[in-house]
Amino acid sequence: MARTQSRSKKKSSGGRYHAARSKRKYELKGFAANTKLGELKSRLKRILGGNKKRSLLSIGEVNVADKKGKVTKIKILTVLENPANPNLVRRNVITKGAIVKTDLGKVRITSRPGQEGVVNGVLV
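Throughout, this note's numbering is defined as the position within the sequence shown, counted from one, plus 47.
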């Protein structure tokens, strides 16, 4: 069955909403990329309008911007914390907002690796 971004069929009370129409192609939802720590692997996906979107499956480096704006590519050692979901830390999954450990110190991820295909961050 297709995954969708539309409203749930159930109300918060447990009752049901009755669908006014069926699912539409533009309402389809993809699976989460869950970008892991490792060597670079990415997937190219066709999206609405025939455009392409690159999602990272795994990455080992992050583009870090310092206070002056200078950007350097640095190796990620491990994922320290993730405010979105603590379970992602144990699996070394990199998402936006995650704090990772690098040679320069702690870095907060500012990009969305599963959506944008790049990992950017700032020093914490």
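C-beta atoms are modelled at their ideal positions from N, C-alpha and C, and glycine is treated no differently.
Short Cβ contact (8 angstroms threshold) for residue i with residue j
i, j, result
"THR125", "LEU135", "no"
"ASN129", "LYS120", "no"
"SER53", "LYS70", "yes"
Segment limits, alpha helix (DSSP H) that includes residue i
i, result
"GLU108", "Looking at the DSSP string, GLU108 is not in any alpha helix (DSSP H); the run it does join, the beta strand (DSSP E), is 108-112."
"VAL136", "134-137"
"GLY161", "160-163"
Host beta strand (DSSP E) of residue i (start-end)
i, result
"GLY168", "167-170"
Which of helix, strand or coil DSSP assigns to residue i
i, result
"LYS58", "coil"
Candidates the options, of which the one nearest residue i by Cα
i, options, result
"THR149", "GLY168, LYS70, ARG63 and GLY77", "GLY168"
"ARG138", "ALA112, GLY96, GLY85 and GLY152", "GLY85"
"GLY77", "LEU87, HIS65, ARG68 and LEU91", "LEU91"
What runs of the beta strand (DSSP E), each 3 residues or longer, lie entirely inside the region 79-127? 88-93, 99-106 and 108-112
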